[in-house]
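**Student:** The numbers in the working numbering rise by one with no breaks, and the one at position 181 of the first sequence is 206.
Ideal placement from N, C-alpha and C gives every residue a C-beta, glycine not left out.
The structure is given below, and queries will be raised subsequently.
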Amino acid sequence: MKDLIINQLKESLVELDYYDTDLQISISTPKNKEFGDLSSNVALLLSKRLNKNPLEIAGDIKNKLDGSDLFKDINIAGPGFLNFNLNPDSITNELKEIINLNDEYGKNNTLKDQKVLVEFVSANPTGPLTVGHGRGAILGDTLSNIFQWNGANVDREYYYNNAGRQMRVLGESVRARYLEIQKENYEFPEGGYEGEYIYDIANDLSKEFGNTLIDNDTIFKETAEKSIFKNITNTLDRIHISFDSFFNENTLYENKDIYTVIDQLREKGLVYDKDNATWFHGTKVGRENDRVLIKSTGEPTYRLPDMAYHVKKIERGYDLCVDIFGADHMDAYPDVIEVVKQLGHDASKIKVVIHQFISILNQGKQVKMSTRKATFITLDELIDEVGSDVVRYFFIMRGVNSHLNFDLEIAKEKSEKNPIFYIQYAYARIMTILSKNDLAIENYNLSLLNQEDEIKLIYKLIEFKELVVKISKDMEPQILATYLLELASMFHKYYAKNRVISDNEELSKSRLVFIQSISIVIKNGLKILGISAPKKM
RNA sequence: GCCCUCGUAGCUCAGCCGGAUAGAGCAACGGAUUUCUAAUCCGUAGGCCACAGGUUCGAAUCCUGUCGAGGGUACCA
26 MKDLIINQLK ESLVELDYYD TDLQISISTP KNKEFGDLSS NVALLLSKRL
76 NKNPLEIAGD IKNKLDGSDL FKDINIAGPG FLNFNLNPDS ITNELKEIIN
126 LNDEYGKNNT LKDQKVLVEF VSANPTGPLT VGHGRGAILG DTLSNIFQWN
176 GANVDREYYY NNAGRQMRVL GESVRARYLE IQKENYEFPE GGYEGEYIYD
226 IANDLSKEFG NTLIDNDTIF KETAEKSIFK NITNTLDRIH ISFDSFFNEN
276 TLYENKDIYT VIDQLREKGL VYDKDNATWF HGTKVGREND RVLIKSTGEP
326 TYRLPDMAYH VKKIERGYDL CVDIFGADHM DAYPDVIEVV KQLGHDASKI
376 KVVIHQFISI LNQGKQVKMS TRKATFITLD ELIDEVGSDV VRYFFIMRGV
426 NSHLNFDLEI AKEKSEKNPI FYIQYAYARI MTILSKNDLA IENYNLSLLN
476 QEDEIKLIYK LIEFKELVVK ISKDMEPQIL ATYLLELASM FHKYYAKNRV
526 ISDNEELSKS RLVFIQSISI VIKNGLKILG ISAPKKM
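What follows is the structure, given as structure tokens:
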């Protein structure tokens with residue numbers, strides 16, 4: 026719809042010789058209905074370039090467009106805004122498309138044939154997922170959905186490391202608890218994992234094997250890993266997240282991929298040795314600091330496998346690789362991207378979405394989350410408390426850059442009044458009306474939908490398609506959450522004022538088509554967010 | 001110290017690649033139900049958009065500085 030107008034605007038600008046290729050023509054929906062259905066500020070933008078009165082420019086454009094049957098009328102207002110009122114027929118036709126496409130409405134082909142890899146969660150299996158992981162998990166899954174709605178072929182990947190020091194300490198922690206249960210002498214490891222779940226794992230081993238494991242070196246780590254991973258995937262399952270692949274950092278060692286990266290960097294003179302360690306010469310390519318890639322102990326830092334992993338992603342043939350990181354990775358990824366670029370790959374294929382952390386408040390005090398110290402609230406506990414829909418909505422409703430404060434007590438209290446219920450309720454209300462209707466929805470006359478609130482709602486519905494494209498470009502899914510809330514609100518207001526089914530059969534039919542369209546958009550929007558659309562509440 | 005993100009109503013936050021009168025939910029107060037679901041709607045109250053400069057027709061939005069919060073910071077991930 027907006028595209029149509031922009032095209033017409035462009036044409037007239039070209040005819041008037043006002044057009045400039047780098048001119049961004051934007052059409053917006055004004056908040057105030059006095060300013061028409063849609064409005065544009067092109068004349069204001071042009072006045073600076075052309076050094077000409079914006080009112081005069083607007084007048085010229087208006088004259089050009091006046092003949093078009095897209096518009097009912099065009100007004101010039103304020104300092105030079107062009108305000109358009111559209112011809113009703115040109116907008117109500119959209120409803121037919123919504124009804125026809127139904128579940129498919131909103132899908133598009135902007136990413137058709139694109140292979141997209143979304144990497145998220147990627148928590149090492151040292152403990153259960155916490156509410157801190159929730160944000161990245163929901164964000165990654167929702168973005169994946171969005172890419173799919175834009176026609177992409179999406180793989181969801183979980184990157185993890187089951188080797189390394191952390192996992193060793195984990196194994197030692199389980200062993201210590203096992204020995205404790207067996208009434209043997211034990212020493213709890215320095216910086217060990219203190220959570221209850223360690224006891225659970227040790228207990229299970231005790232029950233199954235008695236005291237026969239006292240001298241076993243490997244079983245504790247292996248069992249812990251398996252058990253924790255099962256716990257993690259169960260949790261993810263509960264919020265309807267599943268992965269296409271799990272990528273183990275280990276394979277980058279086994280296949281020597283990390284050493285290939287070192288060799289290639291060395292060839293380019295981007296690696297040097299100092300203090301017995303191997304360094305990435307970041308400052309040579311514009312990075313702020315040089316960084317250690319291989320420690321003096323011979324062990325790589327996390328940065329090196331990260332680099333190898335990203336090279337690998339591109340070699341696997343993905344057109345777009347999206348990483349979902351918490352703010353703590355802020356500093357690391359530019360090095361990774363730089364190296365990918367230096368090794369001759371197209372680093373623009375890698376997009377990194379950084380989300381800020383959530384501060385957990387307990388009785389007004391901030392809780393520091395630590396897996397090791399077990400001072401965390403698990404994602405499972407939150408799901409138990411409020412359910413999957415609320416969890417998913419809560420984590421996606423705010424911008425990725427907002428530093429959320431999250432008070433668990435308030436979240437529980439508010440769960441009854443959570444905005445997600447408001448949206449779902451709008452859907453349920455519509456479904457009730459539709460189920461009570463026995464009119465055949467055919468031969469309807471959409472021009473009867475001519476009230477102010479109906480027109481505005483139709484505009485809102487039309488926005489949905491554009492939104493799906495926009496979110497995949499900006500990677501900011503919170504605008505969909507906001508959109509659905511606004512749409513639901515508009516519907517609730519409409520519902521309070523108007524009856525859908527009335528004595529007027531003609532009007533009833535057109536309104537049934539109307540609200541069915543609304544329900545489809547809500548349903549599809551919720552589907553993208555991974556949230557259910559119940560028919561009754 | 002330096003780098004990144006943020007600061008909007010009592011609280012939690014939208015809005016931010018400049019646009020017309022700054023929004024929502026919660027909390028407070030007052031109203032609406034013979035009606036397709038009141039998990040709803042209508043109204044009242046609540047603001048120096050942290051602060052100070054700058055850019056211009058126009059700034060919550062862009063730039064600079066100050067203050068405050070969170071994160072990172074050269075062999076932990």
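Between the Cα of I545 and those of S72, D128 and P104, spot the shortest distance and give me the residue it belongs to.
**Tutor:** As a position in the first sequence, residue 545 is number 520, starting the count at 1. The option with the nearest alpha carbon to I545 is D128.
**Student:** Name the two residues that bound the continuous alpha helix (DSSP H) containing A436.
**Tutor:** On the first sequence, position 411 is the one that residue 436 refers to. Here the alpha helix (DSSP H) through A436 covers L433 to K439.
**Student:** Here's a check: name, in chain order, each residue in its chain whose Cβ is nearer than 8 Å to the Cβ of E40, leaving out the five neighbours to either side.
**Tutor:** Along the first sequence, read from residue 1 onward, the residue named residue 40 stands at position 15. Cβ within range, chain order: K89.
**Student:** Hey, could you find the ends of the beta strand (DSSP E) K183 is sitting in?
**Tutor:** In the first sequence, the residue the question calls residue 183 occupies position 158. According to the sequence as given, residue 183 is Tyr; it is not Lys. Unbroken beta strand (DSSP E) run through Y183: N178 to Y185.
**Student:** To the nearest angstrom, report how far apart L195 and G217 are at their CA atoms.
**Tutor:** One-based indexing of the first sequence puts residue 195 at position 170. One-based indexing of the first sequence puts residue 217 at position 192. If I take the Cα positions, the gap works out to 7 Å.
**Student:** Keeping to the same chain, check which residues put their C-beta closer than 6 Å to that of H265; ignore five residues upstream and five downstream.
**Tutor:** Counting from 1 along the first sequence, the entry for residue 265 is found at position 240. Hits under 6 Å: G555.
**Student:** Counting along the chain, where does the alpha helix (DSSP H) carrying E531 start and finish?
**Tutor:** Here the question's residue 531 lines up with position 506 in the first sequence. Here the alpha helix (DSSP H) through E531 covers E530 to L554.
**Student:** In this structure, what does DSSP give as the bridge partners for G216?
**Tutor:** Within the first sequence, numbered from 1, the residue matching residue 216 stands at position 191. Answer is none; G216 lacks a bridge partner.
**Student:** Within the same chain, show all residues whose beta-carbon is closer than 6 Å to that of K132, passing over the 5 residues directly before and after it, in chain order.
**Tutor:** Position 107 of the first sequence holds residue 132. Here the set comprises W174.
**Student:** What do you reckon, are the CB atoms on L136 and G176 nearer than 8 Å?
**Tutor:** As a working note, residue 136 is residue 111 in the first sequence. As a working note, residue 176 is residue 151 in the first sequence. Contact: yes.
**Student:** Of the choices K338, I466, I408 and N280, whose alpha-carbon is the least far from that of I124?
**Tutor:** Mapped onto the first sequence, residue 124 falls at position 99. Closest option to I124, Cα to Cα, is I466.
**Student:** Among G294, R524 and G157, which one has its Cα closest to the Cα of L459?
**Tutor:** By one-based count along the first sequence, residue 459 stands at place 434. Comparing Cα-Cα distances from L459 to each of G294, R524 and G157, the minimum goes to R524.
**Student:** Name the two residues that bound the continuous beta strand (DSSP E) containing V296.
**Tutor:** As a working note, residue 296 is residue 271 in the first sequence. Per DSSP, V296 belongs to the beta strand (DSSP E) from V296 to K299.
**Student:** For E233 and T155, I'd like the C-alpha separation in whole angstroms.
**Tutor:** Translated into the one-based positions of the first sequence, residue 233 becomes position 208. Translated into the one-based positions of the first sequence, residue 155 becomes position 130. Rounded to the nearest angstrom, the two C-alpha atoms are 29 Å apart.
**Student:** Is the distance from the Cβ of L486 to the Cβ of T117 below 8 Å?
**Tutor:** Taking the first sequence and counting its residues from 1, the one referred to as residue 486 is at position 461. Taking the first sequence and counting its residues from 1, the one referred to as residue 117 is at position 92. No, they are not a contact pair.
**Student:** Using 8 Å as the cut-off, can you tell me whether the segment 141 to 154 makes contact with the segment 391 to 406, which would need three or more C-beta pairs spanning the two stretches below that distance?
**Tutor:** yes
**Student:** Counting along the chain, where does the alpha helix (DSSP H) carrying H517 start and finish?
**Tutor:** Locating residue 517 in the first sequence gives position 492, where the first residue counts as 1. Where H517 is concerned, the enclosing alpha helix (DSSP H) stretches over Q503 to K522.
**Student:** In the DSSP assignment, what residue or residues form a beta bridge with L345?
**Tutor:** Position 320 of the first sequence, counted from the start, is the residue given in the question as residue 345. Its beta-bridge partners are V141.
**Student:** Quick one: residues in its chain with C-beta nearer than 8 Å to the C-beta of K97, no 5 flanking neighbours on either side, listed in chain order?
**Tutor:** Position 72 of the first sequence, counting from 1, holds the residue named residue 97. Counting only Cβ-Cβ distances below 8 Å, and skipping sequence neighbours, we find N110, L111, N112 and P113.
**Student:** How should G103 be labelled, buried or exposed, when 16 other C-beta atoms within 10 angstroms of its C-beta is the threshold for buried?
**Tutor:** Residue 103 sits at position 78 when you count from the first residue of the first sequence. So G103 counts as exposed.
**Student:** Under 8 Å, do D463 and K518 count as touching if we go by C-beta distance?
**Tutor:** As a first step, residue 463 is located in the first sequence; it is residue number 438 there, counting from the start. As a first step, residue 518 is located in the first sequence; it is residue number 493 there, counting from the start. Taking 8 Å as the Cβ cut-off, D463 and K518 do not qualify as a contacting pair.
**Student:** Quick check on the DSSP output: what are the complete beta strand (DSSP E) runs of length 3 or more inside the segment 191 to 279, in order along the chain?
**Tutor:** 270 to 273
**Student:** Going by other Cβ atoms of all chains shown within 10 Å of its Cβ, with 16 needed for buried, is A83 buried or exposed?
**Tutor:** Taking the first sequence and counting its residues from 1, the one referred to as residue 83 is at position 58. Label assigned to A83: buried.
**Student:** N175 by DSSP, collapsed to three states: which one?
**Tutor:** Your numbering for residue 175 matches position 150 in the first sequence. In the structure shown, N175 sits in coil (DSSP, three-state: anything other than H, G, I, E or B).
**Student:** Buried or exposed for A188, please, with buried defined as at least 16 other CB atoms from any protein chain shown within 10 angstroms of its CB.
**Tutor:** Along the first sequence, one-based indexing puts residue 188 at 163. Label assigned to A188: exposed.
**Student:** Which term fits A581, buried or exposed, when burial requires 16 or more other beta carbons within 10 angstroms of its beta carbon?
**Tutor:** Within the shown structure, residues of the chain are numbered from 26 to 562, placing residue 581 beyond reach of any answer.
**Student:** My output table needs one value for V146: the three-state DSSP class, helix, strand or coil.
**Tutor:** Here residue 146 is taken as the residue at index 121 of the first sequence, counted from 1. Here V146 sits in coil by DSSP.
**Student:** Output the residue ranges of the beta strand (DSSP E) runs that lie fully inside the segment 337 to 415 and measure 3 residues or longer, sorted by chain position.
**Tutor:** 345 to 351, 375 to 380, 384 to 387 and 390 to 392
**Student:** Verify whether the separation of the beta carbon atoms of V347 and V199 is less than 8 Å.
**Tutor:** Here residue 347 refers to the residue found at position 322 when the first sequence is read from its first residue. Here residue 199 refers to the residue found at position 174 when the first sequence is read from its first residue. In this structure, V199 does not lie closer than 8 Å to V347 by Cβ.
**Student:** List the whole-angstrom C-beta distance separating Y447 from A513, where the pair is believed to meet the contact cut-off of C-beta under 8 Å.
**Tutor:** In the first sequence, residue 447 corresponds to position 422, counting from 1. In the first sequence, residue 513 corresponds to position 488, counting from 1. So it is a contact: roughly 6 Å between Cβ atoms.
**Student:** Between the alpha carbons of F213 and G235, how many angstroms are there, rounded?
**Tutor:** Mapped onto the first sequence, residue 213 falls at position 188. Mapped onto the first sequence, residue 235 falls at position 210. Computed Cα separation, rounded: 20 Å.
**Student:** Would you report the Cα separation of F401 and K393, rounded to the nearest angstrom?
**Tutor:** As a position in the first sequence, residue 401 is number 376, starting the count at 1. As a position in the first sequence, residue 393 is number 368, starting the count at 1. If I take the Cα positions, the gap works out to 8 Å.
**Student:** Rounded C-beta distance between P559 and A399? I'm assuming under 8 Å.
**Tutor:** Along the first sequence, one-based indexing puts residue 559 at 534. Along the first sequence, one-based indexing puts residue 399 at 374. P559 to A399, Cβ: 36 Å. No contact.
**Student:** Between which two residues does the beta strand (DSSP E) containing R316 stretch?
**Tutor:** Taking the first residue of the first sequence as position 1, residue 316 is located at position 291. Run containing R316: R316 to I319, per the beta strand (DSSP E) assignment.
**Student:** Is DSSP giving D98 helix, strand or coil here?
**Tutor:** The residue labelled residue 98 in the question sits at position 73 within the first sequence. Here D98 sits in strand by DSSP.
**Student:** Is there contact between the segment 283 to 290 and the segment 313 to 333, where contact requires at least three CB pairs shorter than 8 Å?
**Tutor:** Between the segment 283 to 290 and the segment 313 to 333, the count of Cβ pairs shorter than 8 Å is three or higher; the stretches touch.
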